[in-house]
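> Have a look at this one.
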Amino acid sequence: MQPVRVSLAELDRCVAELNRGHDELRCVANDVAATSVRRRGGRHPSTDAAREAVGALAAWAGRIASAAAERATDLRRAASTYRDADEDSARGIASGVRSW
Amino acid sequence: MTSIAAIRSWDLFALNDIVAALDLGAERTDNAVDAVDRAVDDARIWTGAGALAQKRAIDDLVCRGRSLRNITDQVAESLGQIVADLVGLRDHVIRTVDDAVAQQLTVADSGQVISDTADPDVIDFHQSRITSAINDLQHSDEAGAQRLRLLHAAIDIVDDPDSAIARRNDRLISDLRTASPNRRRSVVTGLPPSEVTALIARAPELLGNLDGVPFDVRIAANRVAIRNARDDELDTRTPNLERVRRYDDMLRRDRTFLSFSPEGNGRMIELIGEMRPGIPGVAVLVPGTGTNLSSSGDVSRSARALSDATRGPVIVYVDGDLPQTLTGTALSRTSAGGILGGVPGAVGGFVAGLRDSAADPSFARDLAPRLVGFGRELDIEIAGRAPGTPTTVIGHSYGGAVVGSAEQLGLRADRLVYASSAGTGVFGGEWHNPAANVHRYSMTAPGDPIHLAQESPIPFGGDPDDRRGVTRLDTGNYSDGSPVSGIEGHYRYWDDPASTAFGNLVAVITGQTPTLYSNRLPDLPPRLR
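Protein sequence lines, in the order shown, are assigned to chains P and G.
Using this note's numbering, the first residue of the first sequence is number 3, and each one after it goes up by one.
Using this note's numbering, the first residue of the second sequence is number 62, and each one after it goes up by one.
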């Protein structure tokens with residue numbers, strides 16, 4: 003059993019970085035997808051293959067962004083759980099002191 | 062056949078917009094993934110089972126993000142090359158049509174040349190040019206599309222980490238680290254191209270440096286690794302811009318690398334030229350003291366000249382650290398003063414204080430076994446691409462001691478040249494080159510201070526010029542007629558393809574007869590003996 007040690011400030015920072023990563027990746031997905039749909043000129047094998055590959059990249063970036071968002075949600079939940087437990091503990095001690 | 066009107070309507074420059082968006086996307090992906098990676102790495106005051114599970118999940122996310130960046134870069138680079146090729150070929154089609162029209166011929170939209178009055182030979186000439194230009198364009202277009210489809214297939218593999226192929230690739234990456242070169246080769250060559258591309262996206266730094274991985278896969282992987290190293294350097298607080306320029310140069314389309322690592326002084330094996338049937342020989346050049354990733358440009362230039370002169374591939378081998386100083390002072394290859402002051406000191410003072418200098422044999426000890434392994438890989442590649450082509454391994458200066466040490470450990474090569482070599486090997490004993498009919502040559506200019514190092518059997522094994530079974534060659538003159546001699550005689554002939562010494566290297570590689578040694582001047586002035 004691993005000892006549980008946690009820095010809530012560090013967890014908050016991780017959440018912030020993950021959110022930033024998520025936003026960046028979402029922008030990448032949108033930008034690349036937007037470029038690939040601006041269809042001009044005649045079709046030929048290279049442009050078709052490029053648009054399909056770029057579409058797949060955009061979708062992939064979108065999925066990674068979603069995964070980053072999920073991780074951020076998990077971390078936020080973990081931070082909140084630790085905080086609640088800490089506050090419960092503090093309340094318990096305070097009520098014990100009052101009952102003396 | 063594609064119509065002329067359709068070809069004219071291709072908006073190839075719109076594809077450049079996609080390349081720019083992909084470049085930017087790869088950079089932003091890189092930054093996002095780095096930020097996430099750093100956040101978790103830095104979160105030290107967070108332990109327990111929950112923390113461990115979260116860290117694993119985030120590591121997986123980071124790994125997927127890096128693969129995304131790698132493939133995005135590959136798509137961007139491929140597309141950029143495709144656009145450049147297609148623009149040139151389409152211009153050529155349009156030029157051929159315009160030329161025909163200028164001759165009063167009619168060119169139908171199908172590309173057919175029509176005229177009731179023109180000379181049939183003139184019509185045939187223009188028809189042939191137009192047809193050939195359109196065919197070249199279509200062929201290049203289809204080949205480009207094929208490359209992009211391959212990358213798309215790799216995206217589909219890496220994008221789904223739970224797929225059977227992706228899970229097998231994960232296991233493969235772990236297995237390849239410990240497998241024998243033969244096993245690696247059989248595994249990698251047995252995979253479909255899309256899976257190999259997916260593997261490269263997952264672990265470019267690994268695949269680019271493993272013996273047993275076929276050369277074309279190593280080359281593709283190292284391109285990704287070099288680009289990542291360049292981006293990492295730019296991301297540092299104070300980027301080394303000289304190194305960034307070096308990476309940019311290494312990413313030139315005509316450069317290919319069989320190994321690469323930015324760690325320490327940097328490692329690389331560069332393949333210059335192409336391995337194909339009909340080449341007269343393949344050469345491997347192991348350079349000397351002062352060579353590292355940043356300074357390897359000089360060596361690569363000389364190797365390119367050697368490749369041009371031999372019309373065959375030349376491989377620059379710097380797959381490990383070489384000493385960077387002669388006696389504790391950093392030098393460049395053209396640091397004549399350093400060489401003058403260095404070698405006598407290095408020979409006379411082989412003491413612990415000279416560790417990491419050119420007097421330290423540990424670099425040769427470390428590099429030699431790797432060179433033996435690389436020699437085996439090279440033989441396998443030659444057997445597949447240019448069967449029967451002889452190999453020549455050239456060791457220059459400290460590189461000569463590396464080559465000699467590798468021969469002592471069993472390096473196989475048909476021909477060897479100990480060029481201005483520090484010695485014949487640090488391990489002592491005989492050479493154990495298993496080639497059936499080995500030809501060994503040496504070449505040391507009169508007055509080259511390396512003669513002082515050669516005179517002592519310790520630590521580098523002694524003088525290759527005097528070794529039984531070694532044919533000493535003439536260093537002769539530079540292209541301006543002056544003799545190759547003295548301190549500059551140690552290195553300057555590498556920059557002079559018309560010099561006798563350079564010509565002798567070409568002759569050995571191509572199987573011609575080199576010029577034998579002629580006693581023009583004493584090896585060393587009497588006062589230095």
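Ideal Cβ placement from N, Cα and C applies to all residues, glycine included.
In this text, all values refer to a predicted model and were calculated from it rather than measured experimentally.
Quick check: what's the CA-CA separation for residue 576 of chain G versus residue 441 of chain G?
For the purposes of this step, residue 576 of chain G is taken as residue 515 along the second sequence, with counting starting at 1. For the purposes of this step, residue 441 of chain G is taken as residue 380 along the second sequence, with counting starting at 1. For residue 576 of chain G and residue 441 of chain G, the distance between alpha carbons rounds to 31 Å.
> Buried or exposed: residue 49 of chain P, going by 16 or more other Cβ atoms within 10 Å of its Cβ?
Indexing the first sequence from 1 puts residue 49 of chain P at position 47. With 16 or more Cβ atoms within 10 Å of its Cβ, residue 49 of chain P is classed as buried.
> Which ranges does the beta strand (DSSP E) cover as unbroken runs of at least 3 residues, wholly within the segment 446–528 of chain G, from first to last along the chain?
Segments of the beta strand (DSSP E) lying fully in the segment 446–528 of chain G: 452–457, 476–480, 500–504.
> Determine the DSSP secondary structure at residue 110 of chain G, reduced to helix, strand or coil.
Counting from one through the second sequence, the residue named residue 110 of chain G turns up at place 49. In the structure shown, residue 110 of chain G sits in a helix (DSSP, three-state: H, G or I).
> To be precise: take each residue of the segment 128–142 of chain G, compare its Cβ to all Cβ atoms of chain P, and keep it if any distance is under 8 Å. Which residues remain?
Residues passing the 8 Å Cβ filter: 129, 132, 133, 136, 140.
> Does the pairing of the segment 497–512 of chain G with the segment 460–480 of chain G give three or more beta-carbon distances under 8 Å?
yes
> Does the segment 506–514 of chain G come into contact with the segment 578–586 of chain G, if we say contact requires no fewer than three beta-carbon pairs (one atom in each stretch) closer than 8 Å?
yes
> Whether or not the segment 256–265 of chain G and the segment 224–234 of chain G are in contact is what I'm after, with contact meaning three or more pairs of Cβ atoms, one per stretch, closer than 8 Å; do they touch?
Look at the beta carbons and you see the segment 224–234 of chain G touching the segment 256–265 of chain G: at least three pairs across the two are nearer than 8 Å.
> Using a Cβ-Cβ cut-off of 8 Å, state whether residue 108 of chain G counts as contacting chain P.
On the second sequence, residue 108 of chain G is found 47 positions in, with the first residue counted as 1. Output row for residue 108 of chain G: interface = yes.
> For residue 428 of chain G, I'd like the list of residues in its chain whose CB is within less than 6 Å of its CB, leaving aside the five on either flank, ordered along the chain.
As a first step, residue 428 of chain G is located in the second sequence; it is residue number 367 there, counting from the start. 381, 463, listed in sequence order.
> Of all the options G:164, G:240, G:275, which has the alpha carbon lying nearest to the alpha carbon of residue 257 of chain G?
Taking the second sequence and counting its residues from 1, the one referred to as residue 257 of chain G is at position 196. Ranked by Cα distance from residue 257 of chain G, the first of G:164, G:240, G:275 is G:275.
> Within 10 angstroms of the Cβ of residue 586 of chain G, are there 16 or more other Cβ atoms? Answer buried if so, exposed if not.
The residue you call residue 586 of chain G lines up with position 525 of the second sequence. Residue 586 of chain G is exposed by the Cβ-count criterion.
> DSSP three-state call for residue 70 of chain G: helix, strand or coil?
Residue numbering aside, residue 70 of chain G sits at position 9 when the second sequence is read from its first letter. Three-state DSSP puts residue 70 of chain G in a helix.
> If I'm right that residue 422 of chain G touches residue 379 of chain G with Cβ under 8 Å, what's the distance once you round it to whole angstroms?
Along the second sequence, read from residue 1 onward, the residue named residue 422 of chain G stands at position 361. Along the second sequence, read from residue 1 onward, the residue named residue 379 of chain G stands at position 318. Contact flag wrong, Cβ pair sits at about 18 Å.
> Indicate whether residue 191 of chain G and residue 168 of chain G have their beta-carbon atoms separated by less than 8 Å.
In the second sequence, the residue the question calls residue 191 of chain G occupies position 130. In the second sequence, the residue the question calls residue 168 of chain G occupies position 107. Against a cut-off of 8 Å, the Cβ pair of residue 168 of chain G and residue 191 of chain G comes out as a contact.
> Going along chain P in order, which residues have a C-beta closer than 8 Å to the C-beta of residue 202 of chain G?
The sequence position of residue 202 of chain G within the second sequence is 141, counting from 1. Residue 202 of chain G reaches chain P at 46, 47, 48, counting residues in chain order whose Cβ is nearer than 8 Å.
> For residue 98 of chain G and residue 123 of chain G, I'd like the C-alpha separation in whole angstroms.
On the second sequence, residue 98 of chain G is found 37 positions in, with the first residue counted as 1. On the second sequence, residue 123 of chain G is found 62 positions in, with the first residue counted as 1. Using only the alpha carbons, I get a separation of about 6 Å.
> So which residues of chain P does residue 101 of chain G contact, with C-beta pairs closer than 7 Å?
In the second sequence, residue 101 of chain G corresponds to position 40, counting from 1. Per Cβ cutoff of 7 Å: 16.
> Can you confirm whether the segment 360–374 of chain G touches the segment 328–339 of chain G when touching is taken to mean that 3 or more C-beta pairs between the two stretches lie within less than 8 Å?
yes
> Quick check: the segment 562–572 of chain G against the segment 524–538 of chain G, are at least 3 beta-carbon pairs closer than 8 Å?
Short answer: they touch.
> Would you report the Cα separation of residue 170 of chain G and residue 66 of chain G, rounded to the nearest angstrom?
The residue labelled residue 170 of chain G in the question sits at position 109 within the second sequence. The residue labelled residue 66 of chain G in the question sits at position 5 within the second sequence. Taking the straight line joining both Cα atoms gives about 6 Å.
> So, using beta-carbon positions, are residue 29 of chain P and residue 100 of chain G closer together than 8 Å?
Residue 29 of chain P sits at position 27 when you count from the first residue of the first sequence. Residue 100 of chain G sits at position 39 when you count from the first residue of the second sequence. No.
> Is there a Cβ of chain P sitting closer than 8 Å to that of residue 469 of chain G, yes or no?
If you number the second sequence from 1, residue 469 of chain G lands on position 408. No - not a single Cβ of chain P is within 8 Å of the one on residue 469 of chain G.
> Quick check on the DSSP output: the beta strand (DSSP E) that includes residue 331 of chain G runs from which residue to which?
Looking up residue 331 of chain G in the second sequence gives position 270. Residue 331 of chain G -> beta strand (DSSP E) spans 328–333.
> How long is the line joining the alpha carbons of residue 405 of chain G and residue 92 of chain G, rounded to whole angstroms?
Here residue 405 of chain G refers to the residue found at position 344 when the second sequence is read from its first residue. Here residue 92 of chain G refers to the residue found at position 31 when the second sequence is read from its first residue. Residue confidence is low: residue 405 of chain G scores 36 on pLDDT, short of 50, so the model does not pin down where it sits. Its coordinate-derived value is still stated next. Answer to the nearest angstrom: the Cα atoms are 50 Å apart.
> Considering only the beta carbon of each residue, do residue 147 of chain G and residue 201 of chain G sit closer than 8 Å?
The residue you call residue 147 of chain G lines up with position 86 of the second sequence. The residue you call residue 201 of chain G lines up with position 140 of the second sequence. A distance below 8 Å separates the beta carbons of residue 147 of chain G and residue 201 of chain G.
> Within the 8 Å Cβ cut-off, does residue 34 of chain P reach chain G?
By 1-based counting over the first sequence, the position of residue 34 of chain P is 32. Closer than 8 Å to some Cβ of chain G, the Cβ of residue 34 of chain P qualifies, so yes.
> Residue 93 of chain P versus chain G: which residues are under 8 Å apart at the beta carbon?
The residue you call residue 93 of chain P lines up with position 91 of the first sequence. Per Cβ cutoff of 8 Å: no residues; residue 93 of chain P is ~23 Å from chain G at best.
> Is any beta-carbon of chain G found at less than 8 Å from that of residue 87 of chain P?
By one-based count along the first sequence, residue 87 of chain P stands at place 85. Chain G contact via Cβ: absent.
> With a threshold of 8 Å between beta carbons, is residue 217 of chain G in contact with chain P?
Taking the second sequence and counting its residues from 1, one reaches residue 217 of chain G at position 156. Output row for residue 217 of chain G: interface = yes.
> Keeping to the same chain, check which residues put their C-beta closer than 6 Å to that of residue 63 of chain P; ignore five residues upstream and five downstream.
Here residue 63 of chain P corresponds to residue number 61 of the first sequence, with the count starting at 1. Result list for residue 63 of chain P: 27, 30, 31, in chain order.
> With 8 Å set as the bound, which would you pick, yes or no: does the beta-carbon of residue 94 of chain G sit closer than that to a beta-carbon of chain P?
Indexing the second sequence from 1 puts residue 94 of chain G at position 33. With 8 Å as the cut-off, residue 94 of chain G counts as an interface residue toward chain P.
> Alpha carbon to alpha carbon, how far is residue 151 of chain G from residue 69 of chain G? Give it in angstroms, no decimals.
Translated into the one-based positions of the second sequence, residue 69 of chain G becomes position 8. Translated into the one-based positions of the second sequence, residue 151 of chain G becomes position 90. In a straight line, the C-alpha of residue 69 of chain G is about 8 Å away from that of residue 151 of chain G.
> Three or more C-beta pairs under 8 Å: does that hold for the segment 353–362 of chain G against the segment 489–498 of chain G?
In the pairwise beta carbon analysis, the segment 353–362 of chain G is classified as not touching the segment 489–498 of chain G: fewer than three pairs are separated by under 8 Å.
> Can you list, in chain order, the residues of its chain whose CB lies under 6 Å from that of residue 35 of chain P, leaving out five sequence neighbours each side?
As a first step, residue 35 of chain P is located in the first sequence; it is residue number 33 there, counting from the start. 60, listed in sequence order.
> Using the beta-carbon of each residue, which ones in chain G are nearer than 8 Å to residue 76 of chain P?
What you label residue 76 of chain P is simply residue 74 of the first sequence in a count that begins at 1. 115, 118, listed in chain order.
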